[in-house]
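Numbering (my numbering), first residue to last: 222 to 680.
Take a look at the structure set out below.
In structure tokens form, the structure reads like this:
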């Protein structure tokens, strides 16, 4: 049996053991997590070393000056489930952040009871309070990492919006391209029908052979055969836009039928992207926030190896009559201070540090990959734009030459100086030149969309 002095020594012995268990540990460093230096990754001719913060216009689609496109993107950003899902993720992150912040504050609870037994009554009321003293910063670190999770969710929402806007814009450009190709097909069909009528009249006059008539009819049929496929493509892009904007196709058709041509940006971009502007790309910022949060969680795991201290207190009142419950003579008070520290856990806490450190290394690799991908996206889209811009004047000249050749060939044929095969070849050259020019215009707009998406906005 323990004597009274021995019982008095037990708490002191326990505290001494816990403190001695911590004596070999050092206080964790106060972390200042930041994204790593990325100067090497940004060494690209298309990336300007400008460090001054550059404002990025998230609503880059307004650079195209197309009211229909702007309206479609605005509708998609309001209604599409992907945006709703990202918004819900942000709400969840904010709630988790509030929970983490609450861990830094004292907790307070109240209780009350009333009981009747053997003809007597008893009433009681009490209040309990407790507060964990965050001496080693584990709770503060958890709160800071939760705040970074909120930043990550905000960047994730911006990235979802940027992806949605780019998807709508790509489908819209392809729709306008299909409509322009269909309009060209109808125009060429009308021209071929006129040529066929001319050939038939010349055949009736005995000026040409049956071969010319058959070739003219074949040319008309070939153009007519293209129309259904072009109309089907238009329907597919209309359906895609209806899905993205969460609207029935019938509600969109009136707006989409009024074609204003293939949208093109109203201003020429600089030939380089400022590095600071590129760092504002949503997915890159999100990767940076995840990296910083992972660094904090490593420090949090280290802090969890240290003792935790808690203060507690309680106030209680009791009385046989409810009216006497507030009498301070029945007030009972208690105050408690406690300490707990891991003495032996089989190395679980140390392994938790290793797990968190591995997660940090994964986040670091993910950030570096995101940065490299961002630079690659920018450089690739710039290269595409330059190539298309060099092609444009040549393609326009090709069309003009093809049209001139067709006119001369028609005149020579009507004068009997050339055969109808030459006319057909000239017509096909015009059609090919028209298709190439339209495709180049659409490709240039698509490359601009991809570049805006790569940077995260207009700059």
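Yeah, the Cβ is synthetic: ideal placement off N, Cα and C, and Gly gets one too.
- [ ] Out of 399, 601, 382, state which residue places its alpha-carbon closest to the alpha-carbon of residue 483.
- [x] 399
Task: Option nearest residue 452 by Cα separation, candidates 406, 617, 485 - done: 406
Open item on the list: Rounding to the nearest angstrom, what Cα-Cα distance links residue 663 and residue 454 in this structure?
Closed with: 15 Å
Open item on the list: In this structure, how does DSSP classify residue 578 when only helix, strand and coil are distinguished?
Closed with: For residue 578, the three-state secondary structure derived from DSSP is helix.
Task: For residue 561, three-class secondary structure by DSSP - done: Secondary structure of residue 561 (DSSP, three-state): strand.
- [ ] Sort out for me which residues DSSP pairs residue 350 with in a bridge.
- [x] 329, 534
TODO: Could you tell me if residue 431 is buried or exposed, where buried requires 16 or more neighbouring beta carbons within 10 angstroms of its beta carbon?
DONE: exposed
TODO: Hey, could you find the ends of the alpha helix (DSSP H) residue 447 is sitting in?
DONE: 431-466
TODO: Check residue 336 in the structure and name its three-state DSSP category.
DONE: strand
Open item on the list: If I measure Cβ to Cβ from residue 558 and keep anything under 7 Å in the same chain, skipping five residues before and after, which residues do I get?
Closed with: 532
Task: Paired residues, beta bridge with residue 278 - DSSP - done: 679
Open item on the list: Only counting the same chain, and skipping five residues up and downstream in sequence, which positions put a Cβ closer than 6 Å to that of residue 392?
Closed with: 458, 461, 462
Task: Distance CB(residue 656)-CB(residue 413) smaller than 9 Å - done: no
- [ ] Name the residue from 514, 564, 497 whose alpha carbon lies nearest to the alpha carbon of residue 527.
- [x] Of 514, 564, 497, the residue nearest in Cα terms is 564.
Task: Residues that DSSP places opposite residue 529 in a beta bridge - done: 561
Open item on the list: Can you tell me whether residue 486 is helix, strand or coil according to DSSP?
Closed with: coil
Task: Nonlocal neighbours in the same chain, by C-beta distance under 7 Å from residue 382, ignoring five residues either side - done: 298, 304
Open item on the list: If you measure between the beta carbons of residue 652 and residue 409, is that distance less than 9 Å?
Closed with: yes
TODO: Within 10 angstroms of the Cβ of residue 464, are there 16 or more other Cβ atoms? Answer buried if so, exposed if not.
DONE: Classification of residue 464: exposed, given that the 10 Å Cβ count is below 16.
TODO: Mark residue 163 as exposed unless 16 or more other C-beta atoms lie within 10 angstroms of its C-beta, in which case mark it buried.
DONE: This structure leaves residue 163 out entirely; the chain is present only between 222 and 680.
Open item on the list: Using 8 Å as the cut-off, can you tell me whether the segment 575-594 makes contact with the segment 505-512, which would need three or more C-beta pairs spanning the two stretches below that distance?
Closed with: yes
Open item on the list: Below 8 Å on the Cβ atoms is my contact criterion, and I expect residue 364 with residue 328 to pass it. Report the Cβ-Cβ distance as a whole number of Å.
Closed with: Not really, about 15 Å apart at Cβ, beyond 8 Å.
Open item on the list: Let's test the definition: count the other Cβ atoms within 10 Å of the Cβ of residue 185 and tell me whether it reaches 16, buried, or not, exposed.
Closed with: With the chain covering only 222 through 680, there is no way to say anything about residue 185.
TODO: Assign residue 234 to one of two classes, buried (16 or more other C-beta atoms within 10 Å of its C-beta) or exposed (fewer than that).
DONE: At residue 234, the pLDDT of 39 sits below 50, so the modelled position is not reliable and the matter cannot be decided from this model.
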